[in-house]
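Novice:
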Amino acid sequence: MEMTDSVNATTQLMDDSELAQDPFPLYAQWREAGPIQHALTPSGDPVWLVTRYADVVAAFGDDRLSLSKTHSGTGYRGFALPPALDANLLSLDPPDHTRLRKLVNREFTARRVENLRADVVAIADDLLATMNIDTGVDLVQTYAVPLPLTVIGRLLGVPDKDQPDFRAWTTSLMSPASAAEAKSALGKIEAFLRELIGHKRRTPGDDLLAGLVAAHDGGDCLSEDELTSLAFLLLWAGYEVTVDLIGVSTLELLRRPALWATVREQPERLPQLVEELVRVVSPTPVSIRRFAREPLTIGGTDIPRGATVMLLIAAAHRDPARFDAPDTLDPDRDVRAAQLGFGYGVHYCLGAPLARMETAVALHRLATRFPHLALDPESPPQWRPSWRSRGLLTLPVVPHTGE
Ligand code: HEM
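Numbering (the working numbering), first residue to last: 31 to 433.
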């Protein structure tokens, strides 16, 4: 990653593991220099990055910033999904967004999530039961990845017999060896989801996807493409970021053994700790791209119509104007209403209750099963090379020996 001396000049962003590991000093430099940092994404798209907490909150709520690519003045490229998968909540503005979200909200309820809790505990315990850490283990591959993948499969009602294919395609989509592999995995997932939706139509069940197939609002229901792209969004949004939050949170806690003991001994403190972990980890360091449908001003800086704007959540989370000692992970800090890790406004994360519950369960079951766990001194964790996420490729751990 190239660090320019003069902040505010256009910076070239790179998908690089060093940046994913610790973007905070660079982002602090930008935040101090001004409310907007100009950057070029790895795909060559110019973006206006919003760096300060108050401006990020305001921008999340500003309907002049559209999520629809039709408002892009620069022909934003980013990551191109096939049209049938792209017609989803994160490409739409009200009122189309409102209509879809209303139908989904009816099904994706807090009750449905709470009903999943016992399943999540059982899935976590199954994974942990077969884990032998005596000779060292990679917690990403053995735990942080299979747990959310199994949960999202359960939520969507993927039949057991299809789980191995579903896992293989999803994992190769998330970490493709090549662009061709990503395209092939996308095609297979799309076909699989269409088939699954057809199956739910013929044989109704009580899983979320079956609920969405049947969902009606007056005479309104979801079209075939809307269902397919929504199922894809739930898979995409629901899996990768949760893996990242569980993995990096575990790393942060293992660096602080006293906190690791708290996770095990005082699980009632976990909900608040998970919020603080979302703030400190910033598993989505940057929002989805937005396009200025008309000229606007952010923090005193004029932004032209058609510009691509992204909100630097990771910079906002460490803004000293909002949080005291912002770089400190403080389990006594109550940031539930202040952290922006699940976004804010009409696109607020639909899966936040599930992500919160899953992360708390994952950490609690792990700390209970392995109270004496330590980072492997011989093998440091590897970070995913990405400027859009903060996740681990590996998290090698060993038994903790001695004090
Ligand atoms: C740690 C886990 C998660 C994090 C940090 C996260 C973060 C986010 C963020 C920041 C947004 C808003 C994006 C923006 O406005 O720029 C979002 C939206 C969304 N998330 Fe999550 N998410 C997580 C887990 C999940 C899960 C488990 C699901 C579903 C199973 C999910 C489904 C969605 C959906 C459908 C949207 C779009 C909502 C809309 O546009 O109305 N997410 N998420």
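In this text, a Cβ means the ideal position worked out from N, Cα and C, and glycines have one as well.
Below 7 Å CB to CB, which residues in the same chain sit around Ser73 once its five sequence neighbours on both sides are set aside?
Specialist: Arg107, Gly108
Novice: Nearest to Met387 by CA position, among Pro315, Leu359, Leu303, Gln412, is which residue?
Specialist: Leu303
Novice: Start and end of the alpha helix (DSSP H) containing Gln59?
Specialist: 54 to 63
Novice: Looking at Pro297 and ligand 1, is the gap between the Cβ and the nearest heavy atom below 7 Å?
Specialist: Pro297 Cβ: outside cutoff for every heavy atom of ligand 1.
Novice: Are the segment 249 to 259 and the segment 389 to 400 touching, with three or more C-beta to C-beta distances below 8 Å?
Specialist: At 8 Å Cβ cutoff, the stretches do not touch.
Novice: Give me the Cα-Cα distance between His68 and Leu130, rounded to the nearest whole angstrom.
Specialist: 33 Å
Novice: Gln96: buried (16+ other C-beta within 10 angstroms of its C-beta) or exposed?
Specialist: Contrary to the premise, residue 96 reads as Ser rather than Gln in this sequence. So Ser96 ends up on the buried side.
Novice: Closer than 6 Å by C-beta to Met31: which residues in its own chain qualify, once you throw out the five before and the five after it? Chain order, please.
Specialist: At Met31, the pLDDT of 42 sits below 50, so the modelled position is not reliable and the matter cannot be decided from this model.
Novice: When you compare the CB positions of Leu326 and Ile333, do they come within less than 8 Å of one another, or not?
Specialist: Closer than 8 Å, so yes.
Novice: For ligand 1, any of its heavy atoms closer than 7 Å to the Cβ of Ala346?
Specialist: No, the beta carbon of Ala346 sits no closer than 7 Å to any heavy atom of ligand 1.
Novice: Buried or exposed: Thr258, going by 16 or more other Cβ atoms within 10 Å of its Cβ?
Specialist: buried
Novice: So Leu436 packs on Thr200, CB below 8 Å; how close in whole Å?
Specialist: Any question about residue 436 goes unanswered here, given that the chain covers just 31 to 433.
Novice: Using a 10 Å radius around the Cβ and a threshold of 16 neighbouring Cβ atoms, would you call Asp195 buried or exposed?
Specialist: exposed
Novice: DSSP state of Met33, grouped into three classes?
Specialist: The pLDDT assigned to Met33 is 43, lower than 50, so where the model puts this residue is not dependable; a value taken from the coordinates is nonetheless given after this. DSSP places Met33 in coil when its eight states are reduced to three.
Novice: Could you compute how far the alpha carbon of Arg294 sits from the alpha carbon of Val391?
Specialist: 11 Å
Novice: Report yes if the CB atom of Ala39 is closer than 8 Å to the CB atom of Glu137, and no otherwise.
Specialist: no
Novice: I'd like to check one pair, Thr331 with Ile153: are the Cβ atoms closer than 8 Å?
Specialist: No; because the gap between Cβ atoms is not below 8 Å, this pair is not in contact.
Novice: DSSP three-state label for Ala337, please.
Specialist: coil
Novice: Buried or exposed: where does Thr71 fall if 16 or more other Cβ atoms within 10 Å of its Cβ makes it buried?
Specialist: Per the 10 Å Cβ criterion, buried.
Novice: Rounded to whole angstroms, how far is the Cβ of Leu263 from the Cβ of Leu119, which I believe are closer than 8 Å?
Specialist: 6 Å
Novice: Is His377 near ligand 1 - that is, is its Cβ less than 7 Å away from at least one heavy atom of it?
Specialist: yes
Novice: Would you decide whether Arg395 is buried or exposed? Buried here means 16 or more other CB atoms lie within 10 Å of its CB.
Specialist: So Arg395 ends up on the buried side.
Novice: Just the Cα atoms here: how many angstroms apart are Pro206 and Lys218?
Specialist: Annotation: Pro206 to Lys218 spans about 14 Å, alpha carbon to alpha carbon.
Novice: Between Gly371 and chain C, is there a C-beta pair that is closer than 8 Å?
Specialist: The displayed structure is made up of one protein chain only, and chain C is not part of it.
Novice: Round the Cβ separation of Arg82 and Ala346 to the nearest angstrom and send it over; I've been treating them as touching at under 8 Å.
Specialist: 7 Å
Novice: With a cut-off of 8 Å, do at least 3 Cβ pairs link the segment 153 to 167 to the segment 417 to 427?
Specialist: yes
Novice: Quick one: residues in its chain with C-beta nearer than 8 Å to the C-beta of Arg285, no 5 flanking neighbours on either side, listed in chain order?
Specialist: Leu405
Novice: Based on DSSP bridge pairs, tell me the residues matched to Cys28.
Specialist: No answer is possible for residue 28: it lies beyond the span of the chain, which begins at 31 and ends at 433.
Novice: With three or more beta-carbon pairs closer than 8 Å as the criterion, would you say the segment 76 to 91 touches the segment 335 to 343?
Specialist: yes
Novice: Buried or exposed, going by whether 16 or more other CB atoms sit within 10 Å of the CB of Asp35?
Specialist: With a pLDDT of 46 at Asp35, under the threshold of 50, the predicted position of this residue should be treated as unreliable, and no value is reported.
Novice: Going by beta carbon distance, what residues of the same chain come within less than 7 Å of Glu211, once the five residues before and after it are set aside?
Specialist: Ser202
Novice: Within the same chain, show all residues whose beta-carbon is closer than 6 Å to that of Arg323, passing over the 5 residues directly before and after it, in chain order.
Specialist: Arg94, Ser96, His101
Novice: Rounded to a whole number of angstroms, what is the C-alpha to C-alpha distance between Ser419 and Gln369?
Specialist: Going by the C-alpha atoms only, they are around 17 Å apart.
Novice: What alpha helix (DSSP H) runs, 4 residues minimum, are completely inside the segment 204 to 233?
Specialist: The qualifying runs are 209 to 232.
Novice: Using a Cβ distance threshold of 8 Å, determine whether the segment 365 to 380 contacts the segment 223 to 238, with at least three qualifying pairs required.
Specialist: no
Novice: Can you find a heavy atom of ligand 1 that lies under 7 Å from the Cβ of Thr272?
Specialist: yes
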